[in-house]
Amino acid sequence: MRTQVGIVGAGPAGLVLSHLLHLEGIESVVLEARSREYVEQRVRAGVLEQGTVDLLRDTGLADRLEREGIVHHGIEIRFDGRGHRIALTDLTGGRSIWIYGQQEVVKDLIDARLAAGAEIHFDVEDVRLEGIDSETPSLHFILGGTDRRLDCDVIAGCDGFHGVTRGSIPNGVLREYHYEFPFAWLGILATVPPSTEELIYARHDRGFALHSLRSPQLSRLYLQVAPNENLNEWPDDRIWEELRIRLAMEGWNLADGPIIEKGVAGMRSFVVEPMQYGRLFLAGDAAHIVPATGAKGLNLAVADVRVLARALATWYRTGSADLLDAYSSRCLGRVWRVQDFSAWMSSMLHRYPGDDGMQGKLQLARLEWVTSMESAARSLAENYVGLPFDDELGV
Ligand code: FAD
Ligand code: PHB
14 MRTQVGIVGA GPAGLVLSHL LHLEGIESVV LEARSREYVE QRVRAGVLEQ
64 GTVDLLRDTG LADRLEREGI VHHGIEIRFD GRGHRIALTD LTGGRSIWIY
114 GQQEVVKDLI DARLAAGAEI HFDVEDVRLE GIDSETPSLH FILGGTDRRL
164 DCDVIAGCDG FHGVTRGSIP NGVLREYHYE FPFAWLGILA TVPPSTEELI
214 YARHDRGFAL HSLRSPQLSR LYLQVAPNEN LNEWPDDRIW EELRIRLAME
264 GWNLADGPII EKGVAGMRSF VVEPMQYGRL FLAGDAAHIV PATGAKGLNL
314 AVADVRVLAR ALATWYRTGS ADLLDAYSSR CLGRVWRVQD FSAWMSSMLH
364 RYPGDDGMQG KLQLARLEWV TSMESAARSL AENYVGLPFD DELGV
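14 is the number of the first residue of the sequence shown in our numbering; add one for each residue after it.
The following block contains the structure:
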C-alpha cells in the first residue's frame, strides 16, 4: 500500500488532519488500534473553543454541531458558597465556547471522511514505524490477521499519549517535560437535565468540583479525587452527596439522576520537544497533555494539525520545507501558553494534599481578584475561549 501521509490514530488530531489534507488534495490513510464503535463512544472532552468551531465550520464539518451544539457566553466560578460569572463573550470582543461531545466530533469526522472515500483502518494491531529518518518512511501493521506495509512520504503521529509513534524516535532526541498533579478527576455522565445553564467551576475545602453538560438531558460532572482513587468506593449516592457539598450555594439545588458512565482520569502536564523527527510529525496528545481544568486538550490537538496541514500543503505545492521545519516551534508557542493557563486554573481550584491552610488562602485571594477585577477576568476569558491563531492576527 502507498499513500502521501500515513496517519496513526483516529482521534480528533488524526481525523481533522486527514480531512484538512483531503481539502488540499493530499491523500492520507488512517490507522486506528480500536474499533469504530469504541472511538465513537469514548466519553472525553466537551468544550470546543471558538477557533475549533470556526475551523470545523469553515471546512464543512459543522452541520450537526450547529444543530446540537450549545453555545455558551460565560462560565461560573464558585467559592465560599458564592457564584461569580465570567462573561466570556463580553470580555473577549465576541468570542464564545461550544458544548459538543468529543465523540460527536469524532463521529462527524469519520462520517465525512468515509463519505469522501477515505481509507480509515480500524482494529489494526502492532503498528511499527520504519525509516522515519529517511525520505521513504513506512508503517507496518497487522490488519485482519495479515501483515501489511504502508509506504508514505510523511507520517503523522496522532496516536495519543499512550501511542507508539513518539517511542519510535531514537533515545536522546526528545526532551520530555512532565509533571503529575497530586490529584485526579472522577467524571460521571448522568441522564438528568443540568442544574445550570453555564459550566460551574467550584473550589471547596474538600476539593474541586465541576458541573458541565452535554445536552439539555445529559449532565457531565467531575470531582477531585486522589490519583489512585478506587472507583468501587464511589457508589452513585456517595458521588451525588459529595457533589452536592462541594457545589453548594444558597438557593441552588443539584438535581441527580442515573449515572450511565463513570471513570477516573489523572491530571498531568506533559510536553515533548521538538514535535518532529525526520519525516515523523507528532500532534495532539502524542506530543503534549494538559490538565483538564482548562478544557484545552482537544482544542490543542486541532490547533497542531491546522499548522501541520498548512505546512504539508505548502511542501507538496512548492517543494519548500520552511513551514514544515517550523512546525514544532510554531506549535510549541501555543502549547506552552496553554500549559501555563491549564496549570494556573488547576492550582487556583484544587485542594493540595498536605496544605496547612496557606495554599487555600492564596487560592481565595486569587479567586477574589479574578472575579472582581475586570482585567484579571479578561485574561481568564481570553485564554478560556482560545487565543487567536497567528494568521487571524495577520502575522
Ligand atoms: P486521542 O483522542 O487520544 O486519539 C488517539 C487515537 O490513537 C485513539 O483513537 C487511540 O485509540 C489511537 N491509538 C493509540 N495507540 C495506537 C496505536 N499504537 N496504533 C494505532 N492507533 C493508536 N480536552 C478539551 O479540549 N476539553 C475538555 O473539556 C476535555 N476534557 C477531558 C476530559 C477527560 C476525562 C479526558 C480524559 C480528556 C479530556 N480532554 C479535554 C482531553 C482530550 O480528550 C484529548 O486532548 C484529545 O482526545 C486529544 O486528541 P488526540 O487525537 O491527540 O488523541
Ligand atoms: C467536560 O464537559 O467534559 C469538561 C468541561 C470543562 C473542563 C473539562 C471537561 O474543564
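Glycine is no exception: its CB is placed at the ideal position from the N, C-alpha and C atoms.
Remember, it's a predicted structure, so these values are computed and weren't measured experimentally.
- Unbroken beta strand (DSSP E) runs of no fewer than 3 residues, entirely contained in the segment 56-126, are found at 60-62, 83-85, 88-92, 95-99 and 110-112, following chain order.
- Per DSSP, reduced to three states, the secondary structure at P206 is coil, with no helix or strand assignment.
- Note that the C-beta distance between L34 and A322 is below 8 Å.
- Spatial neighbours of V43 in its own chain (CB-CB distance under 6 Å, excluding positions within 5 residues in sequence) are listed in chain order as I20, A23, G27, S31 and I133.
- For K374, the three-state secondary structure derived from DSSP is helix.
- Out of F92, E37 and Y340, the CA that lies nearest to the CA of T72 is found in E37.
- Here Y365 carries a coil assignment [DSSP, helix/strand/coil].
- Counting the other Cβ atoms within 10 Å of the Cβ of M358 gives 16 or more, which makes it buried.
- Leaving aside the five residues that flank S151 on each side, the residues in its chain whose CB is nearer than 7 Å to its CB run, in chain order, E143, G144, R162, L163, D164 and C165.
- Where Q237 is concerned, the enclosing beta strand (DSSP E) starts and stops at L231 to V238.
- Only buried fits N312, as 16 or more other CB atoms lie within 10 angstroms of its CB.
- Between the ligand FAD and the CB of A314, the shortest heavy atom gap is smaller than 7 Å.
- Judged by beta-carbon spacing, A222 lies beyond the 8 Å limit of G270, meaning their Cβ atoms are not closer than that value.
- Those residues having their beta-carbon less than 5 Å away from any non-hydrogen atom of the ligand PHB are, in chain order, G59, V60, S225, R233, A305 and A308.
- Ranked by Cα distance from H363, the options R347, V351, L380 and Q352 are led by L380.
- Taking a contact as a CB-CB distance under 8 Å, the pair D136 and S48 counts as one, their CB atoms being some 5 Å apart.
- If you draw a straight line from the Cα of G94 to the Cα of R188, it comes to about 43 Å.
- Note that the C-beta distance between A339 and A169 is not below 8 Å.
- Taking non-hydrogen atoms of the ligand FAD into account, the C-beta of H175 is found less than 7 Å away from one of them.
- Counting the other CB atoms within 10 Å of its CB gives S333 a total below 16, which places it among the exposed residues.
- With a contact defined as Cβ atoms closer than 8 Å, G96 and M262 qualify at about 6 Å.
- In this structure, E50 and V119 do not form a Cβ contact; the two beta carbons are roughly 11 Å apart against a cut-off of 8 Å.
- Here DSSP, grouped into helix, strand and coil, assigns W247 to coil.
- In this structure, the alpha-carbon of R126 lies about 10 Å from that of L74.
- Distance check between F294 and each of K275, N241 and T178 places T178 closest, using alpha-carbon atoms only.
- By the neighbour-count criterion, in which 16 or more other beta carbons inside 10 Å mark a residue as buried, D298 falls on the buried side.
- In the DSSP assignment, E143 falls within the beta strand (DSSP E) that extends over E138 to E143.
- Under the criterion of beta carbons closer than 8 Å, V383 and A390 qualify as touching, at roughly 6 Å.
- Boundaries around D338 are those of the alpha helix (DSSP H), D335 to D338, since no beta strand (DSSP E) includes it.
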